[in-house]
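Just below is one structure, and these are the notes that go with it.
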Amino acid sequence: MKPSMIRPPSIMEKRNIKSMTLREIERIINSKGEKRYRASQFFKWLHYKGVLSFDDMTDIPRALRNAIAELGPITKLEIDRKLVSKDGSIKYRFKTPLGDFIESVYIPEKNRQTVCVSTQVGCKMACDFCLTGKMGFKRNLGTDEIVDQVRAIAADLRAQETEKSGAASKYRAPHKGIITNVVFMGMGEPLDNFAEVVRAVEIFTHPEGYGFSHRHITVSTVGLVPEMIKFIHEANAKLAVSLNATTDEVRSKLMPINTKYPLQMLMDTTQQLPVKRGDRITIEYVVIRDVNDSVMDMKRLVRLVSTFPAKINLIPYNPNPQSPYEAPSKELMMKLLRILVDNNVTAIIRASKGQDIMGACGQLASLEEGKK
41 MKPSMIRPPS IMEKRNIKSM TLREIERIIN SKGEKRYRAS QFFKWLHYKG
91 VLSFDDMTDI PRALRNAIAE LGPITKLEID RKLVSKDGSI KYRFKTPLGD
141 FIESVYIPEK NRQTVCVSTQ VGCKMACDFC LTGKMGFKRN LGTDEIVDQV
191 RAIAADLRAQ ETEKSGAASK YRAPHKGIIT NVVFMGMGEP LDNFAEVVRA
241 VEIFTHPEGY GFSHRHITVS TVGLVPEMIK FIHEANAKLA VSLNATTDEV
291 RSKLMPINTK YPLQMLMDTT QQLPVKRGDR ITIEYVVIRD VNDSVMDMKR
341 LVRLVSTFPA KINLIPYNPN PQSPYEAPSK ELMMKLLRIL VDNNVTAIIR
391 ASKGQDIMGA CGQLASLEEG KK
């Protein structure tokens, strides 16, 4: 197509292309009279291949690249700080294009390599044990800022791998062979940034995006009941519920959202969620010493999850200097796990990673935000 036939973008089109789903890019491409497959090319270059310049999209006509570039630059996060733990996990602090600081964590394990992403700068939920909640809420992250956490970490790890081996990667996509799972469990409440998170999930799971299986994407929530129901029907990802207590009294103290959506309402909603065959709904339970760690707590937990297919993640609290809460002993964690297993509940202990590198959620980002 001749350059003169490609009209400039309208004001309505001036959005960040990295935040768009394939369908949204297709609408723009169609409005320019271009073939539909051109949208797939842009989408694949942006996400599967992770390029940061329109100039690198070599199989797309320059005139079309220039027209799309008028929508705005391809945004990216800057690695501001990186801390490597002795357990292999890496905490990244990113500076966003707007100058905010967020954090992500890379967690390598035997059979998976997970990236934990943030969805907000700060958080409205004000959970008493969470450092991000102490920061207050500043803004939602855009879809581009959410997905770029995975791209930036993959690119950094790939660069390290190439430097170490001296050979170029056999993978065309930077994240392939390096990252297998994504969990939305970083700073912020994902379902409080609903539209952007749903878009990010679509990009992560699309074959021409990141190509992750829906089983490898998990979105955590404190229990925003209406959004949970909406999410399970609109997004192709697993849902995890952050429970952390077995009575309304304790949960309301730890998680103020419980006063709006109390335990029974939350459990009734969770029971009604459609679950794909073979899947289970993950229940996250952060164990805090002398707060929610009794035998009776575990017995109540067994009853709470008895009506739906659940998997309990027992998570020892990750202490930080700004919190009075303490971690439970390893012996107690094993005792609590045994109670669940003996009652035919699928459960594991999920180890806290990065305790030597300010592993608590929001701990690294809050240092910089606190200076402002």
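With the sequence shown counted from 1, adding 40 to any position gets you our numbering.
Every residue, glycine too, gets a C-beta built ideally from N, C-alpha and C.
query	result
Supposed close pair I355, Y325 - CB separation, criterion 8 Å	7 Å
First through last residue of the beta strand (DSSP E) which encompasses I108	Note, I108: premise wrong, no beta strand (DSSP E); alpha helix (DSSP H) at 102-109.
M295 versus N276, E185, L171, residue with shortest Cα-Cα distance	L171
Secondary structure of R198, DSSP reduced to three states	helix
Sufficient close CB pairs (3 or more, under 8 Å) joining the segment 316-330 to the segment 283-291	yes
For S282, the residue or residues it bridges with in DSSP	E324
Through-space distance from F271 to T245, alpha-carbon basis	15 Å
Cβ pair E236, G182 closer than 8 Å	yes
Status (buried if at least 16 other CB within 10 Å, exposed otherwise) for H215	buried
DSSP state of G226 mapped onto helix, strand, coil	coil
Backbone CA spacing between A213 and Y88 [nearest angstrom]	6 Å
Residue closest to L86, alpha-carbon to alpha-carbon, out of I219, V190, T258	V190
Exposure label - N384; buried when at least 16 CB within 10 Å	exposed
Buried/exposed call for Y132, threshold 16 Cβ in 10 Å	buried
CA-to-CA distance, M305 to I130, given in whole angstroms	37 Å
Within 8 Å, strictly: CB atoms of T98 and D184	no
Nearest-angstrom Cα separation, counted from K122 out to S334	37 Å
Where the beta strand (DSSP E) through N180 begins and ends	177-180
For K75, three-class secondary structure by DSSP	coil
For L380, the first and last residue of its enclosing alpha helix (DSSP H)	370-382
Beta-bridge pairing of G162 - partner residues as DSSP gives them	F177
Q460, enclosing alpha helix (DSSP H) - first and last residue	Any property of residue 460 remains undetermined from this structure, which presents the chain solely from 41 to 412.
Own chain, CB closer than 7 Å to E66, minus 5 neighbours either side, in chain order	R76, A79
Coil, strand or helix - L117 by DSSP	coil
Contact set for P368: own chain, Cβ-Cβ below 6 Å, skip 5 residues either direction	V327, R329, D333, P356
Spatial distance of E53 from D382 (CA atoms)	Summary for E53: the model assigns pLDDT 43, below 50, so the residue's position carries little reliability; its value from the coordinates is reported in the next sentence. The alpha-carbon atoms of E53 and D382 are separated by roughly 57 Å.
Residue from Q160, R320, V187 with nearest C-alpha to G176	Q160
Nearest neighbour of V187, chosen from E201, C163, F252 [CA to CA]	F252
Span of the alpha helix (DSSP H), counted from its first residue to its last, around I243	234-245
Three-state secondary structure (DSSP) of N70	helix
A350, DSSP secondary structure in three states	strand
Touch test, the segment 133-148 against the segment 337-353, Cβ-Cβ under 8 Å, three pairs minimum	no
Per DSSP, the bridge partner or partners of F141	K135
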